[in-house]
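Below is one structure; the comments refer to it alone.
2 protein chains.
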Amino acid sequence: MADTPLAEGARHRVVIVGGGFGGLYAALALRRAPVDVTLVDRRNFHLFQPLLYQVATGVLSPGDICAPLRSVLRRQANATVLLGDVVEVNLDQRWLRTSEGLRLEYDSLIAATGAGHSYFGNEAWAEHAPGLKTVEDALEIRRRILIAYEAAEQEANDERRAAWLNFVVVGGGPTGVELAGALAEIARETLRSDFRRIWPPDACIYLVEGLKRILPGYPPGLSVKAGRALAGLGVRVRSATLVTGIDEDGVTVEAAGRTARIAARTVLWAAGVQASSFGARLAAAAGADTDRAGRLVVRPDLTLAGHRDVYVIGDLAVYTHQTGAPLPGVAQVAIQQGGYAARAVELRLRGDRPRRRFRYFDKGSLATIGRGKAVADIGPLHFAGFPAWVVWAVVHILNLIEFENRVLVMTQWAWNYLTRRRGARLITGTPLQPEIKEPG
Amino acid sequence: MADTPLAEGARHRVVIVGGGFGGLYAALALRRAPVDVTLVDRRNFHLFQPLLYQVATGVLSPGDICAPLRSVLRRQANATVLLGDVVEVNLDQRWLRTSEGLRLEYDSLIAATGAGHSYFGNEAWAEHAPGLKTVEDALEIRRRILIAYEAAEQEANDERRAAWLNFVVVGGGPTGVELAGALAEIARETLRSDFRRIWPPDACIYLVEGLKRILPGYPPGLSVKAGRALAGLGVRVRSATLVTGIDEDGVTVEAAGRTARIAARTVLWAAGVQASSFGARLAAAAGADTDRAGRLVVRPDLTLAGHRDVYVIGDLAVYTHQTGAPLPGVAQVAIQQGGYAARAVELRLRGDRPRRRFRYFDKGSLATIGRGKAVADIGPLHFAGFPAWVVWAVVHILNLIEFENRVLVMTQWAWNYLTRRRGARLITGTPLQPEIKEPG
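Protein chains in written order, with the numbering used here: chain Y, 1 to 440; chain U, 1001 to 1440.
Structural data, given as structure tokens:
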């Protein structure tokens, strides 16, 4: 089968690896271009990652924030979706090979496989502190949160019960802030009347951030506001605090030269990122520079040095040509870079002079903290509270890729907002956990 | 902790094992009784099993048809929910022990753990033909259905591609009919325009039933109508056909003394049932009779012979005192038996004479075949087509246990009905399947 290239026409062949924000929006932007697009992903769906923490905390179901790639591209006749993992890259002969043995020839390649989490070399932490990148991650986190309360309810020993009711979120970026806020709401509202032996509002939520303030990418004023909103929910924010150890019993932290220990059975990781394995393969093939997280250094037009036909976008790329610092790993950067790469392919194909360089237009940042609470940083406007939450909700609803999902998410949010409930708090996967079997 | 019984008061202690239709409705029916209810389940949610096939076929998400048990019982002060598996039964001293080492003393026990699937002694079939009883089963079936099309799209060999596009459903009861109808709609409508190398409507769906007609529990006229509706969707119905072998390449069948082979990579099991493992434990402890499927034979008042304080209800029980034949394993029987058992406990507690025996009031049967198609058997009324489908939809919406779920399911159905789409068709779990890696 390797000798049957999927794209057979004489048209310019664009292969896009990765169906996240960057890859999918690049494919969509090429819908009127005279090219054959092949979008390869190992998953059959696009995941709306900004709302993944809501799956992890039982508000939404995976189906609400995922859209099948084939469904999104079904009417785009020049696009083919291919399920597979790219295992081989040949940039000289311009082909990729997938895990299923298919050989994909390309004229332009757009690499958009994103990033996973990094434990900064402490891979042993992964088992005790799952990160939040995939749907499976979110369901595992949901399972751990819910199992913790179930185990606490059955635990007779005070100390061990307290450890089940301590939750630590490592990393004070938007995901960490959102997770910590949601954990606090679960404890204080959702589960409030659900148990008979424990009192869920007794749970302690810790948010640990190594830098001096949470939301370090936001203006300092918003960090203060977010910190206050979290404190109002009972979250114990520990900034300028380094995590030096994680094991099954808790977290060791260091602050101002002093070491402390938080006994906690549930630790969630929202700290480092690491470029996907395809990134390493591509960097090796291209001889490209990477940063510490394995992201590929790109030129001002998003191509790799020496490879005018290879674009790297989104979380897989380091783009420093705008401000000197790398652009943040957010959906907006990926979407805009996907559009730029698509346009660049089209211009090159027409023989037009390409635009000089990619420029990110920052529409602003939003982070939600809880029901009716958020912080916003939109151009000159920095605001917080309910207005920010409304903007957050509207922006996220509008950006869901399928209309059906918008209706579903709106329904769920409205219900959740009115009732403070979380309908999707199911413990799935391993029905009963070994942890709960032998609490002592 | 084993010496700390959960129910400590002097009140009558009712322990219910299993939070399905029987157990949950028994707990709810005891809400005003002067008893302490403990509901034990290994899952933290109630599953609305009649709609599970819609999760398996990508219409609904698990969260839509599951309701957390704690959430349903949160306002019922006399009820405690306990996550656990019962691993020991002592009927003489009246206690159970859970997998977490908790000892539960009871005055009345209601056993409602239901049934799983049975491969009639051919356990090797399980791997190739998953059944549909749990949320995880449904997600696994969904994964297999979707992977089959992805693999077919990438398969160059005609014969192997055809095997990926053949689907066999074993068992022509309501679940089998619903699955076969949904598979046909996926092939003909949902995925119609989604692929570039295969034409999904080419897929063949087989429904194999050992008895002379499908829907054997329904009046013959409805079996004919259901068969016609399935044929109209392109399903190949094979009744009076026995399955004699299932392996990874397909199914061997026998009809009228002749053996035939269906090459198919996707086989779904909707045939036999087997009482849950708790049933065997209880039967051994009580010295109770069981039928071939391991279900416990109960007396007219749903108790076990020699154990007036042990009620067995729902799919775990064989009740032959009404018609001579066992009652069917449907939600209505379980719900009514749960209500009866709760009432019987209350009457006994008050010293009143118990009602003589349980009587099932058959409200009728419904099975859906596809979008706008169903068959209904309600008292003297037997009807099919769109009116039956409307009745089916209304009945199922109204019986969902949480209002939120009703709104969500209604939204999803309305969307699915209007657009013929299935938004929740995600391949989760193992991202890429070994099967697709080596198709040959």
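All residues carry an ideal CB built from backbone N, CA and C; glycine is no exception. Treat the numbers as computed from the prediction; the structure is a model and nothing was measured.
For residue 360(Y), there is no enclosing alpha helix (DSSP H), as DSSP marks it with neither H nor E.
In the structure shown, residue 399(Y) adopts helical secondary structure according to DSSP, grouped into three states. Inclusion of residue 111(Y) and residue 313(Y) in the CB contact set at 9 Å is warranted, their separation being smaller than that value.
Taking a Cβ-Cβ cut-off of 9 Å, residue 1020(U) has no neighbours in chain Y, whose nearest Cβ is about 14 Å from it. Runs of the beta strand (DSSP E) lying entirely within the segment 32 to 88 of chain Y, each at least 3 residues long, are 35 to 41, 45 to 47, 66 to 68, 79 to 83 in chain order. Of all residues in the segment 150 to 184 of chain Y, only 150, 154, 156 come within less than 7 Å of chain U when Cβ atoms are compared, listed by chain position.
Here the alpha carbons of residue 1118(U) and residue 1235(U) stand approximately 25 Å from one another. Of 392(Y), 35(Y), 340(Y), 125(Y), the smallest CA-CA separation from residue 349(Y) is found for 35(Y).
At a Cβ-Cβ threshold of 9 Å, residue 297(Y) and residue 305(Y) count as neighbours. Collapsing the DSSP output to three states places residue 428(Y) in coil. Here the alpha carbons of residue 17(Y) and residue 275(Y) stand approximately 14 Å from one another. Assignment of residue 1416(U) by DSSP, reduced to helix, strand and coil, places it in the helix class. Close CB contacts of residue 229(Y) within its chain, under the 6 Å cut and outside five residues either way in sequence, are with 369, 373 (chain order). Rounded to the nearest whole angstrom, the C-alpha separation of residue 226(Y) and residue 213(Y) is 10 Å. If you draw a straight line from the Cα of residue 302(Y) to the Cα of residue 96(Y), it comes to about 20 Å. Shown here for residue 1266(U): same chain residues with a beta carbon closer than 8 Å to its own, the five before and five after excluded, namely 1144, 1145, 1148, 1164, 1166, 1167, 1168 in chain order. For residue 1369(U), no chain Y residue has a C-beta closer than 7 Å to its own C-beta; the minimum C-beta separation is roughly 23 Å.
For secondary structure counted as the beta strand (DSSP E) over 3 or more consecutive residues, the segment 1295 to 1324 of chain U holds these complete runs in sequence order: 1307 to 1312.
Assignment of residue 236(Y) by DSSP, reduced to helix, strand and coil, places it in the strand class.
Distances from the alpha-carbon of residue 1206(U) to those of 1256(U), 1155(U), 1270(U) put 1270(U) closest. Remark: C-beta atoms of residue 1183(U) and residue 1152(U) do not approach each other more closely than 9 Å.
Contact check for residue 68(Y) against residue 139(Y) fails: the beta carbons are separated by 9 Å or more. In this structure residue 79(Y) is in contact with residue 37(Y), their Cβ atoms being roughly 4 Å apart against a cut-off of 8 Å. The alpha-carbon of residue 60(Y) is positioned some 10 Å away from that of residue 416(Y). Nearest Cα to residue 1361(U) within the set 1126(U), 1332(U), 1260(U): 1332(U). At least one beta carbon of chain U lies nearer than 9 Å to the beta carbon of residue 405(Y). In this structure, residue 31(Y) sits near residue 76(Y), with a CB-CB distance shorter than 9 Å. Note: residue 120(Y) is not bridge-paired with any residue in the DSSP secondary-structure output. Membership of residue 1277(U) in any beta strand (DSSP E) is not indicated; the residue belongs instead to the alpha helix (DSSP H) covering 1277 to 1286. CA-to-CA, the gap between residue 241(Y) and residue 1098(U) works out to about 41 Å.
When DSSP states are grouped into helix, strand and coil, residue 212(Y) belongs to the coil group. Take residue 70(Y), set aside five residues on each side of it, and the residues of its chain with a beta-carbon closer than 8 Å to its own are 44, 81, in chain order. A straight-line Cα-Cα distance of about 12 Å links residue 1390(U) and residue 1413(U).
For residue 1105(U), the uninterrupted beta strand (DSSP E) segment begins and ends at 1103 to 1105.
At a C-beta separation below 8 Å, residue 1131(U) has no neighbours in chain Y, since its nearest C-beta there lies roughly 16 Å away. Only residues of its own chain outside the window of five on either side were considered, and among them 1252, 1253, 1254, 1259 have a CB closer than 8 Å to the CB of residue 1244(U), listed in chain order.
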